[in-house]
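Heads up: the sequence shown begins at 22 in the numbering used here, then just goes up one per residue.
Virtual Cβ for every residue (Gly too), placed ideally from N, Cα, C.
From a predicted model like this one, the values you see are computed outputs, not experimental measurements.
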Amino acid sequence: MPVLPQIESFKDDLTAIRRDLHAHPEIGFEEVRTSGVVAEKLSAWGIEVHRGIGKTGVVGILQGTGGPGKRIGLRADMDALPIQEITNLPWRSTIPDRMHACGHDGHTSMLLGAARYLAENRNFKGTAIFVFQPAEEGLGGARSMIAEKLFERFPCDEIYGLHNAPNLEPGQIQVFPGPAMAGADFFDIKITGKGSHGAMPHMGRDPVIAALTLAGALQTIVSRNADPREAAVLSITKVHAGSAYNVIPEEAELAGTIRTFSQETGELVRARMREIAAGIAATFGVTVTVDIRNIFDVLVNHEEQSEAAAAVAAEIVGAENVLTEPKPVMGSEDFADMLRVVPGAYAWVGHAGNVPVHNPAYVLDDGILPVGASLLARLVETRAAA
């Protein structure tokens, strides 16, 4: 079975929705217009709508006509990124410093496509639960929805999500069991010294030198402390200090991210960061405070649901185009939090494009919208009756 013919018939509608969302991007917990579009579409198709879950989240409920069955959750993220778009497309972002540079506009449109198809047919057992999540990009949207009793109010027996993948070939779908995406922490480190004239460094305690030394020392954690058989990344992505050429500042700041695939490795990295920071503080006579925050859990796909998603993917793109060999990535995704509560799986859908996500020149191929929508719709039709 290729892309569902009924979904193929309204692919232009999905493209129009996607491009409208793309032109009006909203970052995490600000998806007021986006969630309004979602709620309006769901209501028009006769789907029960619940808004304001996790601030701007939306949940749709649809009963099948095939009798009792499982409650199958489908999830899409809605938020954009604080990036200035440079594509110059006709449907480019109309909002400065806001861009759908990760394709969440596409994910939302795919889920709307699945919802429309299922609502027009209702030829499935059980219940479809459409979860439109805000604030995936590091702001804790999944945790916010869960904290507001998402799964108590709308119980799911299984849940599925997907992401576009410009690194895969068009027509390929990847899904595999086990750890699939890394857990992530964000950190902020503040070094406080004693400011002085730039020509008289002996009169102060230079936080800049301490920060530079600390930045280099932190890189030894992965190379010399972490088990080389366990993947780990520690990246410093922000360095801030000073405002004048001739002033040694009072403070310097470092910030960045940690990525790991195991709780033990994550704990090791965090402990060593604090120990090294304390050593640098003593060495340079400065104060160093370290704030490390867990943002994403490790995304672990469940075996049964991964196999089910692969089987459905094979129906749509052919078994030869379904990639099931485990190839975890260091990127992170807060759908991991939902998979800690409900069994499910997360898949990637390949599309044309040579620019990675989170790039100001990123372009989503609208050709994958019917593919993703068909995958999600068929998961309901097959798994609700399983």
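Quick one: what's residue i bridged to in DSSP?
i           : result
residue 348 : For residue 348, which the question treats as bridged, DSSP gives no partner whatsoever.
residue 221 : According to DSSP, which records beta bridges pairwise, residue 221 is partnered with nothing at all.
residue 148 : 84, 92
residue 98  : 154
residue 209 : 276, 312
residue 112 : Beta-bridge pairing links residue 112 to no other residue.
residue 317 : 205
residue 259 : 276
residue 199 : 322
residue 281 : 204, 253
residue 179 : 93
residue 78  : 74
Could you check the C-alpha separation between residue i and residue j for me, to the nearest Å?
i           : j           : result
residue 129 : residue 78  : 12 Å
residue 68  : residue 84  : 9 Å
residue 334 : residue 71  : 29 Å
residue 166 : residue 75  : 4 Å
residue 91  : residue 361 : 19 Å
residue 222 : residue 230 : 11 Å
residue 196 : residue 306 : 51 Å
residue 235 : residue 300 : 9 Å
residue 365 : residue 273 : 43 Å
residue 178 : residue 94  : 8 Å
residue 403 : residue 172 : 21 Å
residue 354 : residue 225 : 43 Å
residue 261 : residue 275 : 7 Å
residue 23  : residue 338 : 6 Å
residue 80  : residue 41  : 21 Å
residue 65  : residue 58  : 11 Å
residue 254 : residue 117 : 32 Å
residue 400 : residue 330 : 7 Å
residue 134 : residue 388 : 13 Å
residue 391 : residue 346 : 24 Å
residue 303 : residue 44  : 52 Å
residue 381 : residue 374 : 13 Å
residue 144 : residue 86  : 6 Å
residue 108 : residue 356 : 28 Å
residue 25  : residue 36  : 16 Å
residue 31  : residue 277 : 43 Å
residue 494 : residue 349 : In this structure the chain extends from 22 to 407, so residue 494 is not present and cannot be described.
residue 283 : residue 119 : 33 Å
residue 82  : residue 125 : 21 Å
residue 332 : residue 407 : 13 Å
residue 291 : residue 239 : 10 Å
residue 252 : residue 29  : 41 Å
Do residue j and residue i have their beta-carbon atoms positioned less than 8 Å apart in this structure?
i           : j           : result
residue 371 : residue 183 : no
residue 55  : residue 47  : yes
residue 359 : residue 180 : yes
residue 138 : residue 405 : no
residue 216 : residue 271 : yes
residue 191 : residue 327 : no
residue 194 : residue 342 : yes
residue 97  : residue 131 : yes
residue 162 : residue 227 : no
residue 369 : residue 160 : no
residue 311 : residue 293 : no
residue 63  : residue 149 : no
residue 383 : residue 376 : yes
residue 50  : residue 155 : yes
residue 344 : residue 127 : no
residue 309 : residue 212 : yes
Exposed or buried, residue i, counting other C-beta atoms within 10 Å across all chains shown (16 or more means buried)?
i           : result
residue 206 : buried
residue 266 : exposed
residue 146 : buried
residue 258 : exposed
residue 214 : buried
residue 53  : exposed
residue 297 : buried
residue 281 : buried
residue 288 : exposed
residue 104 : buried
residue 157 : buried
residue 395 : buried
residue 39  : buried
residue 250 : exposed
residue 2   : Because the chain spans 22 through 407 in this model, residue 2 falls outside it and cannot be assessed.
residue 340 : exposed
residue 106 : buried
Would you check whether the ligand FAD has a heavy atom nearer than 7 Å to the C-beta of residue i?
i           : result
residue 225 : With respect to the ligand FAD, the structure offers nothing, as it holds no ligand at all.
Would you call the segment 238-258 in contact with the segment 316-329, where contact means no fewer than 3 C-beta pairs closer than 8 Å?
no
Pairing CB atoms from the segment 320-327 with CB atoms from the segment 197-205, are three or more of them under 8 Å?
yes
Could you tell me whether the segment 110-122 touches the segment 147-167, using the rule of 3 or more Cβ pairs below 8 Å?
Of all C-beta pairs linking the segment 110-122 to the segment 147-167, fewer than three are shorter than 8 Å, placing the two stretches out of contact.
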